[in-house]
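*Asks:* Which chain is which? The protein sequence lines are A and B, in order. For the first sequence, counting from 1, position 384 maps to 384 in our numbering; every step adds exactly one. For the second sequence, counting from 1, position 52 maps to 599 in our numbering; every step adds exactly one. Once you've had a glance at the structure underneath, I'll fire off some questions.
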Amino acid sequence: MNGDPTPAASTAEPETSEAGGEPQEAARLHAITKSFFGVPANDRVDFDLRWGEIHALLGENGAGKSTLCSVLAGLYHPDSGEIHLDGERVDLASPQQALEHGVGMVYQHFRLVDRFTVAENLALGHPETGFVASRRSLERQVAELGRRYGLEVSPKAAIWQLSVGEQQRVEILKLLYRGVRILILDEPTAVLTPQEAQSLFTTMRAMAADGQAIIFVSHKLDEVLEVSDRVTVLRDGERVGSMETADADPAALARMMVGRDLSTRARSRTEAGSAALSVKGLTADGDRGIEALREVDLEVRESQIVGVAGVAGNGQRELAEAIVGLRRSKRGQIFLGDVDITRTSTLQRIKMGLGFVPEDRMRTGMAGGLPLTANLALKAYRQPPLSKGPLVSKRAVEERARTLEKQFDIRGVRWAMPTSLLSGGNIQRAILARELSARPKVLVAAAPTRGLDVAAIEAIRQILLDERDAGTAILMISEDLEEIMDLSDEIVVLYEGQIMGRLDPDDATPEVLGMLMAGRTSDADAEADAGPDAGPDAAAESSGDSA
Amino acid sequence: MSLPLGAFELTVERQQIPSRLVRMAAPTASVAFGLLVGAVIIWASGQDPILAYTEMAKKGFGGRLALTGTLVLATPLILTGLAAVVAFRMKIWNIGAEGQLILGAVASSGVGLWLGDNGIGGPVGIVLMLAAGAGAGALWAGLAALPRAYLNTDEVISTLMLNFVALGIMNYLIFSSFSHWRDPSRATFPVGRFVDDSMFLHRFTGRLHIGLFIALAAAGALWWALRSTRWGFEVWVTGDSPRAALYSGMRVDRKILSVLMVSGAFAGLGGGIEVGGVLGNLDPRALSLGVGFAGIVVAALARLSPLGVIPVAILVASFTNAKPGLQVLGIPSEIVTLLEGILFLCIVGGEWFLRNAVRLQRRAAGPRPVGVEAAPS
Ligand SMILES: Nc1ncnc2c1ncn2[C@@H]1O[C@H](COP(=O)(O)OP(=O)(O)OP(=O)(O)O)[C@@H](O)[C@H]1O
Ligand SMILES: [Mg+2]
């Protein structure tokens, strides 16, 4: 690492560029075109960003948002078009160069070194920090920046000890510390709890007030309306338009994004059948050997969606993994129908009709380096028509992929392209396509609509409801309260690995859920029989369990 | 990533997968380029590149004797190349083909001698002898596979160490003991006992024996198995993402075991074929020339394609075959070694250029420091 010493950037005033008083252009992208496999992901896109504004970027899955951001961040080199930063035409050959121009991007998958501390991660790759010498001053600066923008995190903590929300703060801090004044956040809230999202917004507002410019990518219209100053909408790689957020209304934005009106769905209920999945007294360890799941009792019946609400990291992942057989359970039992599957293999559970949409899509749900055709066959390759005896029919695999691609409207697939290059939303559609096409009796779905655009969310929620109506028992784990309340026939709240409460969705309000998710059981707010009265143990009351 | 070069700079960007045509043409172009670079170096070292190349081609392929000699050398290389291909496909770094080949030769010669002592020979004997070689190679690899599959130990170290153990076993059997393998009539200069003539692999012409066709069949079988069987599909998925494999119900531990054992079986079969087709006995000198390691290079040059291993192994074997003849002409044999290295670099480099777009461009205005940071992908 080398380089001419640049002025300590972190505390430099971004306002300098606003000298004229008028809000001046921070960045202007002109006629940006970037194609993959000859298909444009960005097609002559114009985009401008002012100092001191939060500019939201909206668009369907695969519309080209991440691509546009990556062009500005120097990760992709545009095929044609111009980038102007602060009025000056630049050519960004690498993210490093973009950083030197004060442009930094927080990608959806963080790039922090796990074992290092926050401070070390910040020092890493910074041109002017001697590693050990300036440690003290580094920690001071980090604390100072943290205070200024509401990004508090302990500089001495190791990354792996931090929650996802905290890791994101470190990412942002890292960029600020390196002097970034144009901050690009690609779907930052997709991994955050509502509370964490609020605190991120506070940070963003503080930065904007300081004169910095922020690009904010999100699929959540509420968030966009809440936090942004302007909105630009992309569709199929082209810019549809930009407007002041104050002039925008959700319906109009949605229409701009998808090019048509969205239908709203009426809430429906069906009669639940017999128990399809039962979990009794389930206890399991997390990755660090600490008990992450304690004495969980659950039951999902046919034609029923049970929603598991909770703040991320409260045992949701462990619960899902234990049910599908990817994690050993220490105590307790799991039943599929009335068969005890606690000790059966993952394969056996799949064969018995257990489907799983995992939270980690890129490494668990998909083999990212393989083409989509293979990934869509991940489970079905064992049965005819894909397999004939010990053989796998390549043609049948491809045919099936084409059918699912059409049926589930998976876009952007090209020959032999690694699945990981698909846009986030399309990867999720593909996983759902694979799992649902197996016609599961029980489906465990973790964060089924995370990262999807509004139209896709509608589509996938409808698919889940249809699936339920067709008799599937669905255990839906989600941090999205609206989704939980909208889809569930029954809600359970998970807190620190225990079930904090069970509610009927008709009795559930965000307030009640929020309380339970925060581990509080005050029954003052819970008007219904929902609020358990004596802490987690009371959870057992509603399910007839055995030891 | 970018590199400043005065007013210009070199930038590198990861790009999308190139078309099928380009990917097919690239290795040929790389080889041509490598030969060109080689020619310049030969010329610079005072030799005549045209002469060197024509001689190499002549000594490697010209005439029945040269050609069959090359093919005989290529046979074990194909098999150790396949051993590397199958393991590397699943990102299991088996670098123990050397030891697996040796142990295959030990078992083959041992079984061959025992069968001969008991009056069994001919085709039945040959099949049993080769099967013993493959089996021993598989078990030897299995020794490294078990801890890798169940304790997640590093297979690079274990397979490497097992090479030395295998070498020690072979040397002990011939040089340091009066074993079943050693010829008791040769007291002063120890050699291995020869198997019965009826157990020699069928020869066609010159030294060319049926082993070549066994190796070709093995390559075809591996190609087919990887491409068309459930096992091959599972290897593919597991190689890319073990977690996704577990998620879809595959037994990753068993896959590691089976892949390493298949890998070892190829190498062991190579050892058995050397005994049955070329040596006739357990010959420590002829069996420790590094064919196992060369297989790794062959597999890399073939870009882990089982069928690609065949031409690459033949090319590499022709170089080896040409070496002595070139020396007679006054061309140092190091030139051949050098050429091998250059070709290797060119093919690997060509691969890299396929995946990364490199462009030279004028630097944007304004001085700026350039840090060294890998572009996130
Ligand atoms: N590196 C790449 N190689 C090939 N194709 C790509 C690459 N990156 C993006 N694409 C394709 O370009 C299109 C636009 O993708 P992009 O990631 O910009 O969409 P997005 O608007 O961010 O979508 P999402 O909301 O799902 O994240 C998609 O069809 C995607 O498959
Ligand atoms: Mg995106």
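We treat Cβ as the ideally placed atom computed from N, Cα and C, and that holds for glycine. Just so it is clear, the structure is predicted and the values come from calculations on it, not from any experiment.
Can you tell which of B/A849, B/V859 and B/L755 has the C-alpha that lies nearest to the C-alpha of B/E898?
*Replies:* Nearest option by C-alpha distance: B/A849.
*Asks:* In chain order, what residues of the same chain have a beta carbon less than 8 angstroms from the beta carbon of B/L892, not counting five sequence neighbours either side?
*Replies:* Around B/L892: G581.
*Asks:* Taking 8 angstroms as the CB-CB cut-off, is B/A812 touching chain A?
*Replies:* For B/A812, the answer is no, since every Cβ of chain A falls outside 8 angstroms of its Cβ.
*Asks:* Taking the Cβ atom as the reference point for each residue, do A/L319 and A/V308 lie within a distance shorter than 8 angstroms?
*Replies:* Against a cut-off of 8 angstroms, the Cβ pair of A/V308 and A/L319 comes out as a contact.
*Asks:* Looking only at its chain, what residues have a beta carbon closer than 7 angstroms to the beta carbon of A/R140, apart from the 5 residues adjacent to it on each side?
*Replies:* For A/R140, where only same-chain residues beyond five positions count, there are no Cβ hits under 7 angstroms.
*Asks:* Rounded to whole angstroms, how far is the Cβ of A/L57 from the Cβ of A/L282, which I believe are closer than 8 angstroms?
*Replies:* A/L57 to A/L282, Cβ: 42 angstroms. No contact.
*Asks:* Is A/A258 buried or exposed, if buried means 16 or more other CB atoms sit within 10 Å of its CB?
*Replies:* It is Val, not Ala, that sits at residue 258 of chain A in the sequence shown. Under this definition A/V258 is a buried residue.
*Asks:* Confirm the yes/no value for this check: CB of A/K330, any heavy atom of ligand 2, distance under 7 angstroms.
*Replies:* No - ligand 2 has no heavy atom lying nearer than 7 angstroms to the Cβ of A/K330.
*Asks:* Can you give me the C-alpha to C-alpha distance between A/L75 and A/Q304, rounded to a whole angstrom?
*Replies:* Whole-angstrom Cα-Cα distance: 45 angstroms.
*Asks:* In chain order, what residues of the same chain have a beta carbon less than 8 angstroms from the beta carbon of A/A272, not counting five sequence neighbours either side?
*Replies:* If we look at A/A272 and ignore the five residues flanking it on each side, its Cβ neighbours are R301, E302, S303, Q304 and D489.
*Asks:* Quick check: what's the CA-CA separation for A/I172 versus A/L124?
*Replies:* So the alpha carbons of these two residues sit roughly 14 angstroms apart.
*Asks:* Please return the same chain residues whose Cβ sits closer than 6 angstroms to the Cβ of B/I757, not counting the five positions on each side in sequence.
*Replies:* Excluding positions up to five away in sequence, the list reads L748 and H749.
*Asks:* Between the region 634–651 of chain B and the region 811–827 of chain B, can you find at least three pairs of beta-carbon atoms closer than 8 angstroms?
*Replies:* With the cut-off at 8 angstroms, the region 811–827 of chain B and the region 634–651 of chain B touch.
*Asks:* Is any non-hydrogen atom of ligand 2 found closer than 7 angstroms to the C-beta of A/G424, if you look at the structure I gave you?
*Replies:* Yes.
*Asks:* Taking one C-beta from the region 240–251 of chain A and one from the region 77–86 of chain A each time, how about it: are there three or more such pairs within less than 8 angstroms?
*Replies:* Too few Cβ pairs lie closer than 8 angstroms, so no.
*Asks:* Any heavy atom of ligand 1 closer than 7 angstroms to the Cβ of A/T67?
*Replies:* Yes; taking the cut-off as 7 angstroms, the Cβ of A/T67 has a heavy atom of ligand 1 nearer than that.
*Asks:* Using a Cβ-Cβ cutoff of less than 6 angstroms, which residues in the same chain neighbour A/A456 once the five nearest sequence positions on both sides are dropped?
*Replies:* Correct list, in chain order: N61 and G425.
*Asks:* Using the C-alpha atoms, what's the distance from B/I704 back to B/D743?
*Replies:* The straight-line gap from Cα to Cα measures roughly 38 angstroms.
*Asks:* Could you check whether the Cβ of A/A568 sits closer than 8 angstroms to any Cβ belonging to chain B?
*Replies:* With chain A running from 1 to 547 in the structure shown, residue 568 of chain A is simply not present.
*Asks:* Which of the three DSSP states is assigned to A/P418 in this structure?
*Replies:* Strand, per DSSP.
*Asks:* If you pair each beta-carbon of the region 26–34 of chain A with each one of the region 191–210 of chain A, do three or more pairs fall below 8 angstroms?
*Replies:* Cβ pair count under 8 angstroms is below three, so no.
*Asks:* Should A/F37 be counted as a contact of ligand 1 given a C-beta to heavy atom distance under 7 angstroms?
*Replies:* Under cutoff, so the answer is yes.
*Asks:* Is B/N710 close to ligand 1? I mean its beta-carbon at under 7 angstroms from any heavy atom of the ligand.
*Replies:* Because no heavy atom of ligand 1 lies under 7 angstroms away, the Cβ of B/N710 does not count as near it: no.
*Asks:* Counting Cβ pairs, one atom from each stretch, are 3 or more of them under 8 angstroms apart for the region 797–805 of chain B and the region 717–725 of chain B?
*Replies:* Too few Cβ pairs lie closer than 8 angstroms, so no.
*Asks:* Under 7 angstroms from any heavy atom of ligand 2, does the C-beta of A/D186 make it?
*Replies:* A/D186 Cβ: within cutoff of ligand 2.
*Asks:* Any beta carbon from chain B within less than 8 angstroms of A/P448's own beta carbon?
*Replies:* With 8 angstroms as the cut-off, A/P448 does not count as an interface residue toward chain B.
*Asks:* If the cut-off is 8 angstroms on Cβ atoms, which residues from the region 784–810 of chain B count as contacting chain A, listed in chain order?
*Replies:* Correct list: V784, D787, S788, R790, A791, A792, L793, Y794, S795, G796, M797 and R798.
*Asks:* Please report the straight-line C-alpha distance between A/D249 and B/V569, rounded to a whole angstrom.
*Replies:* Each residue's alpha carbon lies about 49 angstroms from the other.
*Asks:* Short check: CB of A/R317 to CB of A/E291, under 8 angstroms?
*Replies:* No, the pair does not count as a contact, with Cβ atoms beyond the cut-off.
*Asks:* Just tell me which of A/D79, A/L72 and A/V170 has its CA closest to the CA of A/P95.
*Replies:* The shortest Cα separation from A/P95 among A/D79, A/L72 and A/V170 belongs to A/L72.
*Asks:* Would you identify the three-state DSSP class for A/Q348, choosing helix, strand or coil?
*Replies:* Reduced to three states, the DSSP call for A/Q348 is helix.
*Asks:* Using CA coordinates, which residue listed in A/L175, A/L443 and A/E398 is at the minimum distance from A/G146?
*Replies:* Measuring from the Cα of A/G146, the nearest candidate turns out to be A/L175.
*Asks:* Is A/L347 close to chain B, meaning its C-beta is less than 8 angstroms from at least one C-beta of that chain?
*Replies:* By this cut-off, A/L347 is an interface position.
*Asks:* Between B/R777 and chain A, is any beta-carbon pair separated by less than 8 angstroms?
*Replies:* Cβ-Cβ to chain A under 8 angstroms: yes for B/R777.
*Asks:* Counting Cβ pairs, one atom from each stretch, are 3 or more of them under 8 angstroms apart for the region 869–880 of chain B and the region 626–639 of chain B?
*Replies:* Judged by Cβ distances under 8 angstroms, the region 869–880 of chain B makes no contact with the region 626–639 of chain B, as fewer than three pairs qualify.
*Asks:* Excluding the five sequence neighbours on either side, which residues of its own chain have a C-beta within less than 8 angstroms of the C-beta of A/D537, listed in chain order?
*Replies:* In this prediction, A/D537 has a pLDDT of 43, which is less than 50 and means its spatial position is unreliable; what the coordinates show is noted afterwards. Closer than 8 angstroms at the Cβ level, and outside the excluded window around A/D537, lies no residue.
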